[in-house]
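In what follows, a structure is listed as structure tokens, so that the remarks can point back to it.
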């Protein structure tokens with residue numbers, strides 16, 4: 011049977027979302043119904059709401075959900091009703107990359123992540139008067155009290171897991187830590203710079219400290235965030251508005267011609283170029299942000315040739331959620347991922363304030379809470 015629930019629905023790009031009642035389709039054999047207790051707000055959600063990523067509307071976004079399983083399809087074997095789960099992206103689980111645990115590069119990633127439909131083009135959500143709503147965002151569309159979730163989005167976690175704190179593990183924190191632990195595979199004594207001290211950048215700083223990097227540099231235009239970056243492990247901080255930013259980074263880099271590892275989270279072409287220029291011999295620059303399709307960056311090919319530089323794209327930090335999420339939980343338990351310092355919670359009805367606080371920089375990682383506790387019901 012279909013189920014009614016409350017969700018935050020965006021009617022069109024750049025138009026204010028609103029809480030309204032919607033109807034969930036009956037879950038299929040490879041789907042589940044999850045009662046969402048908390049869901050993070052990520053820049054990808056904002057990019058869709060603002061029309062930067064052109065998708066169908068009306069739409070329910072949300073891809074950092076955490077909650078309790080209510081119903082499972084017959085082909086869902088790894089979780090059962092009552093289990094706590096953290097939701098991540100939506101790989102097929104069957105292609106070559108998925109079989110190699112490179113699930114963020116699933117052959118069907120685009121079709122399973124962005125369009126808002128099932129792969130067979132059917133809708134998972136509709137209004138109470140029967141009009142289709144685009145859902146299935148990252149296989150979950152978790153800005154909703156009940157979410158229709160694809161099987162491989164769900165990672166079972168211990169029953170004592172604080173879902174309000176750990177909801178962001180499914181994307182933002184996973185991306186930041188994953189770039190350090192997987193894409194760059196930072197080692198003890200390495201040098202590292204990250205541009206953008208949002209949730210992804212702060213998570214990367216925590217991960218770099220955990221790996222034993224000795225020079226950890228943070229770049230942002232918000233002085234309060236730079237102060238927090240130092241508290242979390244940065245050894246040097248720089249204001250991104252400085253004209254001589256690259257020279258400042260070079261001045262404290264242990265390598266003769268720059269830093270060994272650079273990571274841009276801003277998706278701003280000028281900043282990406284600065285990160286490339288900040289790297290030295292064999293320097294690597296990783297990007298994860300959604301730069302608008304019409305934007306380009308300039309590079310000097312001979313610089314890459316003569317210095318052996320690398321420019322790397324990374325999806326979800328090259329993470330495999332069934333392994334990455336338990337590992338992040340353990341790192342928090344050991345004190346290496348103090349997410350309490352970057353997470354701010356809001357009632358789901360306060361989503362507009364949460365979005366505004368994220369835009370102004372007041373909140374690093376806003377999390378919408380759908381209930382007053384984390385107990386399974």
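Numbering (our numbering), first residue to last: 11 to 387. Backbone N, C-alpha and C define an ideal beta-carbon position, used for all residues, glycine too.
Output yes or no for whether 7 angstroms exceeds the beta carbon distance between residue 319 and residue 299. The beta carbons of residue 319 and residue 299 sit no closer together than 7 angstroms.
Enumerate in chain order the residues of its own chain whose CB-to-CB distance from residue 118 is below 6 angstroms, with the five nearest sequence positions on each side excluded. Here the set comprises 102.
Kindly identify the DSSP beta-bridge partner or partners of residue 271. According to DSSP, which records beta bridges pairwise, residue 271 is partnered with 202, 294.
Starting from residue 314, follow the alpha helix (DSSP H) in both directions and report where the run begins and ends. Residues 311-317.
Tell me, to the nearest whole angstrom, how far the beta carbon of residue 76 is from that of residue 97; I am working on the premise that it is less than 8 angstroms. Yes, residue 76 and residue 97 are in contact; Cβ-Cβ is about 7 angstroms, under 8 angstroms.
Please classify residue 138: is it buried, with 16 or more other beta-carbons within 10 angstroms of its beta-carbon, or exposed? So residue 138 counts as exposed.
Taking 8 angstroms as the cut-off, does the region 347-362 touch the region 231-242 (at least 3 CB pairs, one atom from each stretch)? Touching, yes.
I need the DSSP call for residue 230, collapsed to helix, strand or coil. For residue 230, the three-state secondary structure derived from DSSP is strand.
Buried or exposed: residue 55, going by 16 or more other Cβ atoms within 10 Å of its Cβ? Taking all protein chains in view, the Cβ of residue 55 is crowded by 16 or more other Cβ atoms within 10 Å, so the residue is classified as buried.
Measure from the C-beta of residue 40 to each C-beta in chain C and report whether the shortest distance is under 7 angstroms. The chain inventory of the structure shown lacks chain C, comprising one protein chain alone.
Three or more beta-carbon pairs under 8 angstroms between the region 65-82 and the region 300-317, yes or no? The region 65-82 is not in contact with the region 300-317.
Leaving out the 5 sequence neighbours to the left and right, which residues in its chain are closer than 7 angstroms to residue 108 when beta-carbon positions are compared? If we look at residue 108 and ignore the five residues flanking it on each side, its Cβ neighbours are 101, 102, 116.
Work out the CA separation of residue 86 and residue 291 for me, nearest whole Å. Their backbone Cα atoms lie some 48 angstroms apart in a straight line.
Classify residue 194 as buried or exposed, calling it buried when 16 or more other Cβ atoms lie within 10 Å of its own Cβ. Only buried fits residue 194, as 16 or more other CB atoms lie within 10 angstroms of its CB.
Taking contact to mean 3 or more Cβ pairs, one atom from each stretch, closer than 8 angstroms, check whether the region 149-157 and the region 243-260 are in contact. At 8 angstroms Cβ cutoff, the stretches do not touch.
Out of 228, 33, 371, state which residue places its alpha-carbon closest to the alpha-carbon of residue 272. Proximity to residue 272 across 228, 33, 371 peaks at 228, based on C-alpha coordinates.
Strictly by DSSP, which residues pair up with residue 164? Beta-bridge analysis with DSSP links residue 164 to 97.
Is it the case that the Cβ atoms of residue 210 and residue 185 are separated by a distance below 7 angstroms? Result yes, Cβ atoms of residue 210 and residue 185 sit closer than 7 angstroms.
Whose CA, out of 224, 32, 18, lies closest to the CA of residue 140? The shortest Cα separation from residue 140 among 224, 32, 18 belongs to 32.
By a C-beta neighbour count over all protein chains shown, 10 Å radius and 16 as the cutoff for buried, is residue 27 buried or exposed? Under the 10 Å beta carbon count, residue 27 is surrounded by 16 or more other beta carbons and is classified as buried.
Over the uninterrupted beta strand (DSSP E) stretch that includes residue 246, give me the two end residues. Residues 246-249.
Apply the 10 Å Cβ neighbour rule to residue 192 and answer buried if 16 or more other Cβ atoms are within range, or exposed otherwise. Label assigned to residue 192: buried.
Is DSSP giving residue 45 helix, strand or coil here? In the displayed model, residue 45 falls within a strand according to three-state DSSP.
State the beta-bridge partners of residue 378 as determined by DSSP. Looking at the DSSP output, residue 378 shares a beta bridge with 49, 356.
Going by beta-carbon coordinates alone, are residue 40 and residue 83 separated by less than 7 angstroms? With respect to residue 83, residue 40 sits close: the two C-beta atoms are nearer than 7 angstroms.
In its own chain, which residues sit with a C-beta less than 7 angstroms from the C-beta of residue 123, not counting the 5 before and 5 after it? Within the same chain, and ignoring the five residues on either side of residue 123 in sequence, the residues whose Cβ sits closer than 7 angstroms to its Cβ are 99, 100, 148.
With H, G and I counted as helix, E and B as strand and the rest as coil, what does DSSP make of residue 307? Three-state result, residue 307: coil.
Can the beta-carbon of residue 250 be found closer than 7 angstroms to that of residue 231? Against a cut-off of 7 angstroms, the Cβ pair of residue 231 and residue 250 comes out as a contact.
Are residue 174 and residue 48 touching if we call contact CB-CB under 7 angstroms? A contact, by the Cβ cut-off of 7 angstroms.
Per DSSP, cross-strand counterpart(s) of residue 144: For residue 144, which the question treats as bridged, DSSP gives the partners 69.
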